[in-house]
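>
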Amino acid sequence: MDLRDKVTAIIAEQAMLEPGEVKPEHSPADLGIDSLGLVESIFAIEEAFDISVPFNANAPEESDFDISTVAAITDAVERLVQEQHASA
Amino acid sequence: MSGGLRRVVITGAGTINSLGHDVASTMEAMREGRCGIGPLDLRDVERLSVQIGAQVKGYDEQAHFNRQQIALYDRFTQFTLLAARQAMAHSGISFSDEESEMSGVVLGTAGGGVNTWDENYRSVYEEGKNRVHPFVVPKLMNNAAASHVSMEYNLRGPSFTVATACASSNHAMGLAFQMVRSGMCRAMLTGGAEAMLCFGGVKAWEGLRVMSKDACRPFSANRNGMVQGEGAAVFVFEEYEHARARGAEILAEVSGFGMTADAADIVMPSKQGAERAMRIAMRDAGLSPGEVGYINAHGTGTAANDKSECAAVAHVFGAAADDLMISSTKSMHGHLIGGTGAVELLACLMALREGVIAPTIGFEAPDPECALDVVPNVAREARVTAVLSNAFAFGGLNAVLALRAA
Numbered sequence: 499m500d501l502r503d504k505v506t507a508i509i510a511e512q513a514m515l516e517p518g519e520v521k522p523e524h525s526p527a528d529l530g531i532d533s534l535g536l537v538e539s540i541f542a543i544e545e546a547f548d549i550s551v552p553f554n555a556n557a558p559e560e561s562d563f564d565i566s567t568v569a570a571i572t573d574a575v576e577r578l579v580q581e582q583h584a585s586a
Numbered sequence: 006m007s008g009g010l011r012r013v014v015i016t017g018a019g020t021i022n023s024l025g026h027d028v029a030s031t032m033e034a035m036r037e038g039r040c041g042i043g044p045l046d047l048r049d050v051e052r053l054s055v056q057i058g059a060q061v062k063g064y065d066e067q068a069h070f071n072r073q074q075i076a077l078y079d080r081f082t083q084f085t086l087l088a089a090r091q092a093m094a095h096s097g098i099s100f101s102d103e104e105s106e107m108s109g110v111v112l113g114t115a116g117g118g119v120n121t122w123d124e125n126y127r128s129v130y131e132e133g134k135n136r137v138h139p140f141v142v143p144k145l146m147n148n149a150a151a152s153h154v155s156m157e158y159n160l161r162g163p164s165f166t167v168a169t170a171c172a173s174s175n176h177a178m179g180l181a182f183q184m185v186r187s188g189m190c191r192a193m194l195t196g197g198a199e200a201m202l203c204f205g206g207v208k209a210w211e212g213l214r215v216m217s218k219d220a221c222r223p224f225s226a227n228r229n230g231m232v233q234g235e236g237a238a239v240f241v242f243e244e245y246e247h248a249r250a251r252g253a254e255i256l257a258e259v260s261g262f263g264m265t266a267d268a269a270d271i272v273m274p275s276k277q278g279a280e281r282a283m284r285i286a287m288r289d290a291g292l293s294p295g296e297v298g299y300i301n302a303h304g305t306g307t308a309a310n311d312k313s314e315c316a317a318v319a320h321v322f323g324a325a326a327d328d329l330m331i332s333s334t335k336s337m338h339g340h341l342i343g344g345t346g347a348v349e350l351l352a353c354l355m356a357l358r359e360g361v362i363a364p365t366i367g368f369e370a371p372d373p374e375c376a377l378d379v380v381p382n383v384a385r386e387a388r389v390t391a392v393l394s395n396a397f398a399f400g401g402l403n404a405v406l407a408l409r410a411a
């Protein structure tokens with residue numbers, strides 16, 4: 499499973515959907531994921547990829563982690579994996 | 006004196022928190038708008054992503070308690086006992102045998118002996134020990150503080166601990182008020198405490214991602230979360246005629262209490278639940294919105310609470326909101342979780358007795374969604390005769406106290 503599929507699977511599980519139902523252009527709200535669900539998804543992403551995601555639920559738009567769509571989240575995770583595992 | 010409702014007054018107060026180790030120093034800090042938040046000094050702090058908090062500084066448990074007591078008293082119990090001793094001395098109250106059976110202790114705490122849990126989990130999980138100290142359970146239990154206060158003052162009436170997260174102390178004080186008002190009790194020691202600033206206590210909060218990494222800025226457009234604090238405050242709630250008969254100094258009258266449940270979401274606050282709690286407290290106290298001059302806000306500094314609380318206040322107060330001051334002293338002493346309402350009641354006493362409104366410090370930019378007079382950054386002199394103290398907890402449990410000047 500590549501990174502994109504893994505992120506999609508995590509988001510799908512949170513949304514209680516099949517991975518095939520989650521499209522890159524979907525926002526978390528489109529999928530019925532509320533703020534608490536989003537925090538839980540980010541935790542799952544951190545655990546799955548062994549990364550630390552900069553995200554403050556008080557100011558999501560100011561966090562250095564774009565959560566606007568599934569595609570944006572995937573890109574951000576890809577970047578964080580590269581940054582944080584660069585030395586590995 | 007039989008039958009009808011009694012009036013309830015506050016005749017003693019005590020505290021220890023990040024702003025000071027007693028009421029006078031805490032109020033002085035509130036007047037000066039001093040901040041008790043700073044870098045956390047605790048074990049493994051480097052593994053925390055949130056490294057600030059409002060810790061009680063310069064505290065030496067051995068200066069107050071002997072070895073046997075320390076073996077039994079978690080930090081939250083120690084803070085409670087110190088605050089209770091101050092409150093009892095301040096009040097000057099003493100109890101006949103009959104009165105001590107009609108007086109008790111109702112305290113709020115969310116976590117109880119969190120440091121004791123943390124230390125002992127560390128010992129068995131991290132250090133692999135297979136034996137813990139025999140007093141772990143009586144030390145960590147949430148009612149330990151209430152029990153030790155009852156023992157120290159031989160109070161044998163209704164005594165228990167209330168745990169409603171961030172509203173614990175307000176619920177505790179509201180119940181104490183109702184018990185004195187009904188005639189069931191003559192006097193109550195009430196308030197609350199929290200001591201959650203240890204590795205596990207902060208780590209758990211980090212998970213929710215509602216904590217600020219730099220400062221607590223309630224109502225400010227650039228606020229980015231809450232900051233934890235620790236400490237305790239305890240008050241003597243006394244039946245008015247009893248206080249008057251012994252010539253006690255009356256600090257304020259507790260005049261109303263409102264409590265509601267949102268029945269909606271486990272973390273997101275509801276405007277309606279907050280509104281109803283404020284309305285019920287005012288109705289209970291016989292207060293109209295125009296009579297309330299100050300509200301000590303729940304004001305956590307999170308995006309969600311401050312917006313929802315301001316909307317609720319604006320709706321309940323209507324045109325009277327223009328003349329209302331509302332501040333969050335959590336900007337100074339941090340969020341004491343289950344103990345927060347107790348420490349915040351001190352700001353209410355200061356407003357009623359001294360005519361000084363504690364400020365919301367850290368205020369940098371107005372937020373159109375918090376368009377109330379939040380007393381930004383600098384304390385203000387103002388004469389107020391009635392106040393509210395708000396507490397809106399996780400779990401959607403709301404508790405609002407109403408006080409009048411003595």
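If you read the protein sequences in the order shown, they are chains A and B. Mapping of the first sequence onto my numbering: residues 499 to 586, in sequence order. Mapping of the second sequence onto my numbering: residues 6 to 411, in sequence order. Cβ coordinates follow ideal geometry from the N, Cα and C atoms, glycine included.
On the DSSP letters alone, give me the boundaries of the beta strand (DSSP E) that M264(B) sits inside.
Where M264(B) is concerned, the enclosing beta strand (DSSP E) stretches over 257-266.
> Taking DSSP's pairing of strands, which residues face F165(B) in a bridge?
Bridge partners of F165(B): V111(B).
> Under the DSSP definition of a beta bridge, which residues are partnered with D503(A)?
D503(A) is not bridged to any residue.
> Pull up the distance between the alpha-carbon of R194(B) and that of G109(B), whole angstroms please.
The residue asked about is misnamed: residue 194(B) is Leu in this sequence, not Arg. Looking at the two C-alpha atoms, the distance is approximately 6 angstroms.
> Could you give the C-beta distance for A570(A) and D562(A), rounded to a whole number, given that I count them as a contact under 8 angstroms?
Wrong, their Cβ atoms sit about 12 angstroms apart, outside the cutoff.
> Sort G401(B), G9(B), H95(B), M216(B) by Cα distance to Q233(B) and report the nearest one.
Cα-wise, what sits closest to Q233(B) is M216(B).
> Kindly indicate which three-state DSSP category F547(A) falls into: helix, strand or coil?
If DSSP states are grouped into helix, strand and coil, F547(A) belongs with the helices.
> Which stretch, first to last residue, makes up the alpha helix (DSSP H) that contains F322(B)?
Taken as a continuous stretch (DSSP letters only), the alpha helix (DSSP H) holding F322(B) covers 308-322.
> Suppose you measure from the CA of A384(B) to the CA of V361(B); what does that come to, to the nearest Å?
Near 7 angstroms, if we compare the C-alpha coordinates of V361(B) and A384(B).
> Taking the C-alpha atoms as reference points, what is the distance between V321(B) and N395(B)?
Going by the C-alpha atoms only, they are around 13 angstroms apart.
> Could you tell me the boundaries of the beta strand (DSSP E) in which I300(B) lies?
Note, I300(B): beta strand (DSSP E), 299-301.
> Contact defined as beta carbons within less than 8 angstroms: I believe E145(B) pairs with T121(B). What is the distance between those atoms, to the nearest angstrom?
In the sequence on display, residue 145(B) carries Leu and not Glu. Between T121(B) and L145(B) the Cβ distance is about 4 angstroms, and since that is below 8 angstroms, they are a contact.
> Quickly, what does DSSP pair D289(B) with across the bridge? List them, please.
Paired residue(s): none; D289(B) is not in a bridge.
> Taking the alpha carbon of S152(B) as the reference point, which residue from L213(B), A89(B), G43(B), A192(B) has its own alpha carbon closest?
It is A89(B).
> Compute the beta-carbon to beta-carbon distance between A226(B) and D372(B), rounded to the nearest angstrom, for a pair I have assumed lies under 8 angstroms.
At roughly 4 angstroms, the Cβ-Cβ gap stays under 8 angstroms, so A226(B) and D372(B) are in contact.
> Note the first and the last residue of the continuous beta strand (DSSP E) segment covering A238(B).
Run containing A238(B): 236-244, per the beta strand (DSSP E) assignment.
> Distance check for R358(B) and Q56(B), CA to CA, integer angstroms please.
Taking the straight line joining both Cα atoms gives about 36 angstroms.
> With 8 angstroms as the threshold, decide whether the Cβ of G295(B) is near any Cβ in chain A.
Chain A, which has no Cβ nearer than 8 angstroms to the Cβ of G295(B), makes this no.
> May I have a chain-ordered list of the beta strand (DSSP E) segments no shorter than 3 residues that lie completely inside the stretch 328-397 of chain B?
DSSP runs (the beta strand (DSSP E)) wholly in the stretch 328-397 of chain B: 330-332.
> Since G113(B) contacts G261(B) with CB under 8 angstroms, what's their CB separation in whole angstroms?
Contact flag wrong, Cβ pair sits at about 18 angstroms.
> What in chain B is Cβ-close to L529(A), meaning under 8 angstroms?
Within 8 angstroms Cβ-Cβ: nothing; L529(A) doesn't reach chain B, min ~18 angstroms.
> Cα separation between A363(B) and A181(B)?
Straight-line Cα distance between these residues: approximately 25 angstroms.
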